[in-house]
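Numbering (the numbering used here), first residue to last: 381 to 580.
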């Protein structure tokens with residue numbers, strides 16, 4: 381059974397959240413918290429985000445493997461504008477300690493397998509519908525498609541509709557979701573074209 385709290389994570393519960401989820405495809409959003417993962421703990425970042433009233437679900441230090449959880453997955457976190465964080469059955473917001481200029485996927489990824497297994501248990505598909513996030517600062521003006529967002533899966537913060545942020549930078553998404561086959565599905569013909577074909 382899927383658990384609301386990530387097994388093995390340190391718990392830093394926040395009293396602040398963005399309310400209940402409103403339904404739709406499940407997804408995960410990857411953010412950066414700009415700090416040196418060699419010198420900053422996930423717990424200290426979690427405490428700071430609680431003070432700022434911007435708690436995500438998880439704060440993860442990929443170098444040490446430490447993960448702190450601030451909110452249960454069944455509640456919306458506070459890192460996205462408006463109701464965007466309430467979209468989906470779940471919309472897991474993950475703050476990675478690192479830099480948008482230096483992709484965190486170029487470092488150790490201790491603890492990632494446990495995070496992904498937890499996301500899998502909530503049926504978040506291992507796909508990245510918007511493609512790899514752009515490098516910073518080009519990512520500040522990335523396309524942010526509502527149609528693609530509606531598909532669910534994994535997204536960088538810079539790919540979320542309604543945001544103007546540029547993190548997480550040019551991360552290697554294959555280190556998170558594995559080697560993904562691009563989705564080149566052929567569009568279905570419109571009904572009026574099918575009727576015309578029958579007439580011809």
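We put the beta carbon where it would ideally sit given N, CA and C, even for glycine.
Please read all numbers here as calculations on a predicted model, not as lab measurements.
Whole-angstrom C-beta distance between residue j and residue i, which should lie under 8 Å
i, j, result
"residue 453", "residue 384", "5 Å"
"residue 417", "residue 439", "Actually they are not in contact, since the Cβ atoms of residue 417 and residue 439 sit about 11 Å apart, beyond 8 Å."
"residue 409", "residue 540", "6 Å"
"residue 457", "residue 465", "6 Å"
Bridge partners - residue i, DSSP secondary structure assignment
i, result
"residue 439", "448 and 475"
"residue 405", "Answer is none; residue 405 lacks a bridge partner."
"residue 410", "474 and 536"
"residue 391", "449"
"residue 505", "In DSSP, residue 505 forms no bridge with anything."
"residue 400", "455"
"residue 468", "403"
Start-to-end residues for the alpha helix (DSSP H) that takes in residue i
i, result
"residue 501", "492-501"
"residue 529", "526-529"
"residue 518", "Looking at the DSSP string, residue 518 is not in any alpha helix (DSSP H), and its letter there is neither H nor E."
"residue 429", "422-431"
"residue 554", "554-557"
Exposure label - residue i; buried when at least 16 CB within 10 Å
i, result
"residue 497", "exposed"
"residue 503", "exposed"
"residue 402", "exposed"
"residue 552", "exposed"
"residue 514", "buried"
"residue 422", "buried"
Can at least three beta-carbon pairs, one atom from the stretch 521-528 and one from the stretch 387-406, be found at a separation below 8 Å? The stretch 521-528 and the stretch 387-406 do not touch, with fewer than 3 CB-CB distances between them shorter than 8 Å.
Report yes or no: do the stretch 507-521 and the stretch 531-543 share at least 3 C-beta pairs separated by less than 8 Å? The stretch 507-521 vs the stretch 531-543: in contact.
Can you confirm whether the stretch 485-494 touches the stretch 425-432 when touching is taken to mean that 3 or more C-beta pairs between the two stretches lie within less than 8 Å? Here the stretch 425-432 makes no contact with the stretch 485-494; the two share fewer than three CB pairs at distances below 8 Å.
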